[in-house]
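Chains as they are written, first to last, in the numbering used here: chain A, 10 to 125; chain B, 6 to 124. Cβ atoms here follow ideal geometry from the backbone N, Cα and C, with glycine treated the same way. Worksheet for the structure shown next.
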Amino acid sequence: NAGVTQTPKFQVLKTGQSMTLQCAQDMNHNSMYWYRQDPGMGLRLIYYSASEGTTDKGEVPNGYNVSRLNKREFSLRLESAAPSQTSVYFCATSPGQGSSYNSPLHFGNGTRLTVT
Amino acid sequence: AQTVTQSQPEMSVQEAETVTLSCTYDTSENNYYLFWYKQPPSRQMILVIRQEAYKQQNATENRFSVNFQKAAKSFSLKISDSQLGDTAMYFCAFMKLTHYGGATNKLIFGTGTLLAVQP
């Protein structure tokens with residue numbers, strides 16, 4: 010089935026540890042996004058990739074890095090995890106900037122990350 | 006910068022009744038899109054309904070409809086005949102257009118309203 014797949018679904022880290030959240034899509038979409046969701050704050054954009062080979066900062070990029078490995082995959086890395094990065098992380102895709110708005114974002118099912 | 010405000014953190018409604026969720030936004034743009042997303046306990050984000058700012062007619066999707074007031078920058082969601090499966094967090098979202106009118110696909114979300122449908 011077409012969609013956006015995030016791994017892992019859950020993760021617990023200790024402060025200072027590093028990890029990479031993986032996102033893969035088989036929708037042939039050009040653009041990919043990483044959001045974080047925190048209680049009372051909605052979803053906030055961390056980084057996005059408008060097309061393969063490009064990445065840009067979103068609203069809350071500090072403490073994160075991203076890699077657009079190819080058209081299908083967009084990973085989010087925490088080099089030194091902090092408790093403030095405890096959150097639910099969502100990967101999303103869209104056909105690309107300038108396209109029809111009919112389906113603006115397709116979301117993965119999220120990764121719940123806890124940093125102790 | 007655009008902002009989206011949902012002033013109702015939580016709401017409750019009886020099954021089969023109607024409920025309205027509020028959303029206001031602030032922008033200097035004239036053309037943009039607005040959306041409502043639903044997030045059930047499964048955590049999945051589901052697009053419920055969308056509205057183009059240039060359209061005066063309010064969007065409807067089955068039991069879901071919006072009241073779009075462009076001058077007031079208001080975009081409320083009405084759920085008719087509420088069902089238990091409507092229990093979810095609902096997010097209002099704003100998307101501005103590119104200068105040539107296409108989607109930017111960068112959504113700005115409100116903080117969400119948690120709706121509980123009671124049997």
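Secondary structure at residue i, three-state DSSP: helix, strand or coil?
i, result
"aspartate 65 of chain A", "strand"
"glutamine 88 of chain B", "coil"
"serine 47 of chain B", "coil"
"glutamine 61 of chain B", "coil"
"serine 27 of chain A", "coil"
"serine 93 of chain A", "helix"
"glutamate 20 of chain B", "coil"
"tyrosine 73 of chain A", "coil"
"glutamine 13 of chain B", "coil"
"alanine 59 of chain A", "coil"
"methionine 36 of chain A", "coil"
"asparagine 79 of chain A", "coil"
"arginine 53 of chain A", "strand"
"lysine 18 of chain A", "coil"
"glutamine 74 of chain B", "strand"
"glutamine 7 of chain B", "coil"
"glutamate 66 of chain B", "strand"
Using the beta-carbon of each residue, which ones in chain B are nearer than 7 Å to residue i?
i, result
"tyrosine 57 of chain A", "Lys111"
In angstroms with no decimal places, state the Cα-to-Cα distance between residue i and residue j.
i, j, result
"phenylalanine 73 of chain B", "threonine 29 of chain B", "10 Å"
"glutamate 68 of chain A", "serine 17 of chain B", "32 Å"
"tyrosine 42 of chain A", "lysine 111 of chain B", "9 Å"
"threonine 23 of chain B", "proline 124 of chain B", "14 Å"
"threonine 64 of chain A", "phenylalanine 69 of chain B", "36 Å"
"asparagine 79 of chain A", "glutamate 61 of chain A", "6 Å"
"glutamine 46 of chain A", "tyrosine 98 of chain A", "6 Å"
"glutamate 88 of chain A", "threonine 8 of chain B", "30 Å"
"threonine 16 of chain A", "threonine 120 of chain A", "7 Å"
"phenylalanine 83 of chain A", "serine 76 of chain A", "6 Å"
"glutamine 61 of chain B", "serine 27 of chain B", "18 Å"
"glutamate 15 of chain B", "glutamine 94 of chain A", "25 Å"
"threonine 25 of chain B", "serine 85 of chain B", "9 Å"
Please list the partners that residue i has in chain A, where partner means a Cβ-to-Cβ separation under 8 Å.
i, result
"phenylalanine 96 of chain B", "Gly51 and Leu52"
Name, please, each residue of chain B whose Cβ falls closer than 9 Å to the Cβ of residue i.
i, result
"asparagine 118 of chain A", "Ser47, Arg48, Gln49 and Met50"
"tryptophan 99 of chain A", "Here residue 99 of chain A is phenylalanine; the residue named in the question, tryptophan, does not match the sequence. Within 9 Å Cβ-Cβ: Arg48 and Met50."
Residues in the stretch 71 to 90 of chain A having any Cβ partner in chain B nearer than 9 Å: none
Does the stretch 92 to 102 of chain B come close enough to the stretch 19 to 34 of chain A that 3 or more CB-CB pairs lie under 8 Å? no
Using a Cβ-Cβ cutoff of 8 Å, what residues of the stretch 25 to 53 of chain B are near chain A? List them in chain order. Tyr38, Phe40, Ser47, Arg48, Gln49, Met50 and Leu52
I want to know whether the stretch 50 to 60 of chain B touches the stretch 29 to 42 of chain B - three or more CB-CB distances under 8 Å. yes
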